[in-house]
Amino acid sequence: MPQVRRCLAVLAALVLCSCASAVQGGGATSVPGSPAESMAAPASQSVGDVDTAGVVVFAAASLNKVFPEIAPAAYSFDGSSGLVDQLKGGAPAEVFASADRKNMDKAIEAGLIDGEPVMFATNHLVLITPADNPGGITGLDSSLEGRKLVICAAEVPCGAATLKVAEKAGVTLAPVSEESKVTDVLGKVSSGEADAGLVYATDATSAGDAVKTFQIPGADEEPNTYWIAKVKGAGNTEGADAFIARITGEGTAVLAKYGFGPAR
């Protein structure tokens, strides 16, 4: 009988050691074929692994330099209102990035957007002249009288913003032309075709020494907000989602480098 008791004691000790080892191992372990193993979620593909090169992206003209640096895609850059018109007309696109909320809302109302848009950047207007400033412009003031001024058309975001800053400054503008996209305003001023123009701060930054820049008091207090969303019926949904994730994620540092403000 004593021998039997000793055997039972040894067995009990072995069981206790086994339990202690399991606890010290840091938690439960799955056994092959157990529910814990069969319910484990498969590893998902990271955003960085998804190829966005074939994603069709309709984006505001002011994004024509920064977006390609963030992610490859099949880009079409134009004024935001023009892009909405193209989408309404059935133009194929998978992502839409607008330079204001107004045109994004137009796309939503037309049933073109899948999900909720995301704000990813802000921008504000500045006044620019050719580098040598032949018109002697001093800012958004009376020095513009009698000078060749170009601005964006009212229906595009930069045009709507222009009307706001002019009203706030108490200045009546008399432009010689109104352009459908901000890059056209920049082109006419930097080439010397116009004496002055109103563009986004980011456009002035990208032009470098080709233009002279004048800040507009208070313009940065009510900046344009940039929005991005997936287009309804997008064929490459995975690529579209990955593109948007890059713009709103790692892309924010690149946007800041180009002078865009953070989302608010």
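Numbering (mature numbering (1 follows the signal peptide of the UniProt record, and there is no 0)), first residue to last: -22 to -1, 1 to 242.
Virtual Cβ for every residue (Gly too), placed ideally from N, Cα, C.
Margin query: According to DSSP, is A46 part of a helix, a strand, or is it coil?
Written below: As written in the sequence, residue 46 is Pro, which differs from the Ala given in the question. Helix.
Check: Pick from A52, L105, G211: whose alpha carbon is nearest that of D92?
Finding: Each of A52, L105, G211 was checked against the Cα of D92, and the nearest Cα belongs to G211.
Margin query: With distance defined between alpha-carbon atoms, name the residue in F238, K190, C130 nearest to P108.
Written below: Answer by Cα proximity: K190.
Check: CA-CA distance, D181 and Y204?
Finding: Using only the alpha carbons, I get a separation of about 15 angstroms.
Note to self: Can you check which of these residues, G148, I222, S54, is closest to P70 by C-alpha distance?
What the structure shows: The shortest C-alpha to C-alpha distance from P70 to any of G148, I222, S54 is the one to S54.
Item checked: Extent of the continuous beta strand (DSSP E) run through F221 -> In the DSSP assignment, F221 falls outside any beta strand (DSSP E) and lies within the alpha helix (DSSP H) extending over 215 to 226.
Note to self: What would DSSP say about K126, mapped onto helix, strand or coil?
What the structure shows: Coil.
Checklist line | Residues near S12 by beta carbon distance below 8 angstroms, same chain, minus five either side | finding: Confidence is the limiting factor: at S12 the pLDDT is only 31, short of 50, which leaves the residue's position unreliable, though a coordinate-based value still follows. Here the set comprises nothing.
Item checked: A144 - DSSP class collapsed to helix/strand/coil -> Under the three-state reduction of DSSP, A144 is assigned to helix.
Item checked: Spatially closest choice to G113 from A241, V209, G175, by CA coordinates -> Ranked by Cα distance from G113, the options A241, V209, G175 are led by G175.
Note to self: To the nearest angstrom, how far is the alpha carbon of G68 from that of A88?
What the structure shows: Put simply, the backbone Cα of G68 is about 11 angstroms away from that of A88.
Margin query: Which of the three DSSP states is assigned to P240 in this structure?
Written below: When DSSP states are grouped into helix, strand and coil, P240 belongs to the coil group.
Next item on the list: Give the straight-line distance between the Cα atoms of A131 and V28, rounded to the nearest whole angstrom.
Entry: The alpha-carbon atoms of A131 and V28 are separated by roughly 38 angstroms.
Item checked: Selected residue, minimal CA-CA separation from K84, among E216, P50, T230, A207 -> For K84, the closest of E216, P50, T230, A207 by C-alpha to C-alpha distance is A207.
Check: Over what stretch of residues does the alpha helix (DSSP H) that includes D83 continue unbroken?
Finding: Counting along the chain, the alpha helix (DSSP H) containing D83 begins and ends at 79 to 87.
Next item on the list: Below 6 angstroms CB to CB, which residues in the same chain sit around A144 once its five sequence neighbours on both sides are set aside?
Entry: A distance below 6 angstroms between beta-carbons, with the five flanking residues on each side excluded, links A144 to the following residues of its chain, in chain order: L151.
Item checked: Inter-stretch contact at 8 angstroms, needing at least 3 Cβ pairs: the region 113 to 125 / the region 164 to 178 -> Enough Cβ pairs lie closer than 8 angstroms, so yes.
Margin query: Rounding to the nearest angstrom, what Cα-Cα distance links K235 and F192 in this structure?
Written below: Between K235 and F192, the alpha-carbon positions lie close to 20 angstroms from each other.
Margin query: To the nearest angstrom, how far is the alpha carbon of I194 from that of G32?
Written below: Those two C-alpha atoms are separated by around 39 angstroms.
Check: Quick one: is D187 buried, meaning 16 or more other Cβ sit within 10 Å of its Cβ, or exposed?
Finding: D187 should be labelled exposed.
Next item on the list: Give the straight-line distance between the Cα atoms of E200 and A179, rounded to the nearest whole angstrom.
Entry: So the two alpha carbons sit approximately 13 angstroms from each other.
Checklist line | S168 versus G60: straight-line alpha-carbon distance, rounded | finding: Computed Cα separation, rounded: 24 angstroms.
Notebook entry, point to check: Going by C-alpha distance, which of E156, D162, K166, F36 is nearest N81?
Noted result: Here the closest residue by C-alpha is F36.
Next item on the list: Taking only the alpha-carbon atoms, compute the straight-line gap between residue 265 and S40 and give it to the nearest angstrom.
Entry: Residue 265 falls outside the range modelled here, since the chain spans only -22 to 242, and no answer is possible.
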